[in-house]
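Start counting the sequence shown at 20; every next residue gets the next number (the working numbering). In what follows, a structure is listed as structure tokens, so that the remarks can point back to it.
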Amino acid sequence: MIGIPAALIIFGISKPIIEIVFERGSFTSQDTSVVGSVQAMFAFQIPFYVASIVVVRLISSMRANHILMWGAALNLLVNVILNLVFIHYIGLKGIALSTSCVYLASFVFLFYFADKLISREERLAPDPSGD
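Here's what the structure looks like:
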């Protein structure tokens with residue numbers, strides 16, 4: 020719940036953050052604009068990254084690490100494809116947007132399989148009421 024507002028705040032104030040922290044001497048306002056837009060695209064990954072950490076721990080605790088391996092392979096494939104597509108259309112900030120989309124895809128993939136694992140465990144668990 021904190022990740023979404025944090026992402027929106029960072030997206031909204033990326034340029035002022037970069038101005039305050041880095042715009043001195045050789046770091047120009049044009050550099051600030053480029054870095055601020057890249058940081059804004061990276062901010063979209065925050066909620067999915069945080070949620071993925073929880074799901075990864077759940078999957079790992081259920082000893083289904085093979086799902087994590089397939090998720091990593093999917094991440095690699097999605098990252099390469101989206102990097103090529105986004106950098107062609109929106110330039111440098113496309114790499115940052117690609118990374119954010121990879122975290123979204125990863126979360127969806129992992130959440131889907133975690134839900135399937137939980138459903139399977141519930142079906143296999145003995146009925147506590149004895150029926």
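Where a beta carbon is used, it is the ideal one built from N, C-alpha and C, also for glycine. Bear in mind that the values here come from a model prediction, so they are computed numbers and not experimental data.
- Counting Cβ pairs closer than 8 Å, one from the region 38-49 and one from the region 65-78, do we hit at least three? No contact exists between the region 38-49 and the region 65-78.
- Nonlocal neighbours in the same chain, by C-beta distance under 6 Å from Asn-102, ignoring five residues either side: For Asn-102, where only same-chain residues beyond five positions count, the Cβ hits under 6 Å are Ile-114, Ser-117.
- Message: Using the Cβ count rule (16 or more neighbours within 10 Å means buried), how would you classify Glu-135?
- Response: For the record, residue 135 in the displayed sequence is Lys; it is not Glu. By the 10 Å Cβ count, Lys-135 comes out exposed.
- By a C-beta neighbour count over all protein chains shown, 10 Å radius and 16 as the cutoff for buried, is Pro-145 buried or exposed? Within a 10 Å sphere around the beta-carbon of Pro-145 sit fewer than 16 other beta-carbons, which makes this residue exposed.
- Message: With H, G and I counted as helix, E and B as strand and the rest as coil, what does DSSP make of Thr-51?
- Response: For Thr-51, the secondary structure class from DSSP, reduced to helix, strand or coil, is helix.
- Could you check what DSSP says for Met-81 in three-state terms: helix, strand or coil? coil
- Grab me the residues of Lys-112's own chain with a C-beta within less than 7 Å of its C-beta, minus the 5 sequence neighbours each way, in chain order. Ser-56, Val-57, Met-60
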